[in-house]
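Visitor: Take 1 as the starting number for the sequence shown in the UniProt record's numbering and just add one per residue.
Note that the Cβ used here is the ideal one computed from N, Cα and C, for glycine as well.
Note that the structure is a prediction, hence the values are computed from the model and not measured.
Could you have a look at this structure, given as structure tokens, before my questions?
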Amino acid sequence: MTRDRQPTGLSCARFYAAAGTAVCLSAKPGLAPMTTATVLDRDLRPVRTVEFGGTPNRARVSPSGRMVSWTVFVSGDSYTANSFSTRTGILDTRSGYLIKNMESIQLYLDGERHHAPDVNFWGVTFTADDNRFYATVNTGGRTHLVEGDMAAWTARTLRANVECPSLSPDGTRIAFKKRVRDGATDPWRLHVLDLRTLRETALAETRSVDDQAAWLDDATVAYALPGSAVWKVPADGSGSPSLVSADASSPAVVG
Numbered sequence: 001m002t003r004d005r006q007p008t009g010l011s012c013a014r015f016y017a018a019a020g021t022a023v024c025l026s027a028k029p030g031l032a033p034m035t036t037a038t039v040l041d042r043d044l045r046p047v048r049t050v051e052f053g054g055t056p057n058r059a060r061v062s063p064s065g066r067m068v069s070w071t072v073f074v075s076g077d078s079y080t081a082n083s084f085s086t087r088t089g090i091l092d093t094r095s096g097y098l099i100k101n102m103e104s105i106q107l108y109l110d111g112e113r114h115h116a117p118d119v120n121f122w123g124v125t126f127t128a129d130d131n132r133f134y135a136t137v138n139t140g141g142r143t144h145l146v147e148g149d150m151a152a153w154t155a156r157t158l159r160a161n162v163e164c165p166s167l168s169p170d171g172t173r174i175a176f177k178k179r180v181r182d183g184a185t186d187p188w189r190l191h192v193l194d195l196r197t198l199r200e201t202a203l204a205e206t207r208s209v210d211d212q213a214a215w216l217d218d219a220t221v222a223y224a225l226p227g228s229a230v231w232k233v234p235a236d237g238s239g240s241p242s243l244v245s246a247d248a249s250s251p252a253v254v255g
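Structure representation (structure tokens):
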């Protein structure tokens, strides 16, 4: 079920909202790609803007509405490109503390402190406590799911081949895109990871999904497909995909 659409006047390449806070990523024209992140209140009135280099890619708001994150491409324009680089920022809307590039975080790869010039983070998803988060890190030609701690400013890898994680409302599972075909233009398939058992479940959507999925509820995952349409599928691997809204992208549930 969807509500009637309401025009806002915003032009967003990526959008996300939760608990009265929204973030709109918009591309700025010019010789060098630039992005503006506009943080909005529950009435979609701007309360803060941040500008940085790159092309809009991912956006998230924590369940409480306090923490906002975004990812941009700063070279290349696709995860399927031979060479790409990302930059991910985090804003604490309560304190105003801004991290423009989270690559300064202390990263532990398979339990060992990891330093490398090729480290890239993207696709942050926050837990309910506004301190812990999950994200993707790429280094050495491999992607990993990391669990991060804002206060300690550390992150540790949990599992390989996990991209664009999205934490379920109950905090027990992560929806993500998994690379299942190498060297293809359609390499990914949506999966759900149980954080307690680390067991993966492939979802019924067999088309390649290059998106950070959003949970409509604890049983349903939504995502955008090329052609600007939002679809949904059960999170337990059953059923089949169904259309939520045509001519749409960046799904988010706002209570």
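#1: Is the number of C-beta pairs between the region 201 to 214 and the region 166 to 175 that are closer than 8 angstroms three or more?
#2: Please report the distance separating the alpha-carbon of ALA27 from that of GLY53.
#3: Reducing DSSP to helix, strand and coil, say where GLU103 ends up.
#4: Hey, could you find the ends of the beta strand (DSSP E) MET34 is sitting in?
#5: For the structure I just gave you, are there three or more beta carbon pairs, one from the region 60 to 74 and one from the region 118 to 133, closer than 8 angstroms?
#6: Would you tell me roughly how many angstroms separate the C-alpha atoms of ARG189 and GLY89, rounded to the nearest one?
#7: In angstroms, rounded to a whole number, what distance separates the CA positions of ASN57 and TRP70?
#8: Inspect the beta-carbon positions of ALA37 and THR49 and report whether they are closer than 9 angstroms.
#9: Within 9 angstroms of any Cβ in chain C, is that where the Cβ of ALA155 sits?
#10: The beta strand (DSSP E) that contains ASN57, what's its start and end?
#11: How many Å lie between ALA18 and ARG207 at the Cα?
#12: For ASN131, which residues in the same chain have their Cβ closer than 7 angstroms to its Cβ, ignoring the five residues on either side in sequence?
#13: If we ignore side chains and look at the alpha-carbon of each, how far apart do LEU158 and THR136 end up?
Guide: To lay it out plainly:
#1: yes
#2: Looking up residue 27 in the sequence shown gives position 27. Looking up residue 53 in the sequence shown gives position 53. The straight-line gap from Cα to Cα measures roughly 10 angstroms.
#3: Mapped onto the sequence shown, residue 103 falls at position 103. Helix.
#4: Numbered from its first residue, the sequence shown carries residue 34 at position 34. It spans 34 to 40 - the beta strand (DSSP E) in which MET34 sits, taken as one unbroken run.
#5: yes
#6: The residue you call residue 189 lines up with position 189 of the sequence shown. The residue you call residue 89 lines up with position 89 of the sequence shown. Using only the alpha carbons, I get a separation of about 26 angstroms.
#7: Counting from 1 along the sequence shown, the entry for residue 57 is found at position 57. Counting from 1 along the sequence shown, the entry for residue 70 is found at position 70. Approximately 7 angstroms between the Cα atoms of the pair.
#8: The residue you call residue 37 lines up with position 37 of the sequence shown. The residue you call residue 49 lines up with position 49 of the sequence shown. The Cβ atoms of ALA37 and THR49 sit closer than 9 angstroms to each other.
#9: The structure shown has no chain C; it contains just one protein chain.
#10: Here residue 57 is taken as the residue at index 57 of the sequence shown, counted from 1. From DSSP, the beta strand (DSSP E) with ASN57 extends over 55 to 61.
#11: On the sequence shown, position 18 is the one that residue 18 refers to. On the sequence shown, position 207 is the one that residue 207 refers to. Distance between the alpha carbons of ALA18 and ARG207: 28 angstroms.
#12: Indexing the sequence shown from 1 puts residue 131 at position 131. Taken in chain order, the residues that qualify are ASP149, MET150 and ALA151.
#13: Taking the first residue of the sequence shown as 1, we reach residue 158 at position 158. Taking the first residue of the sequence shown as 1, we reach residue 136 at position 136. One C-alpha to the other measures close to 10 angstroms.
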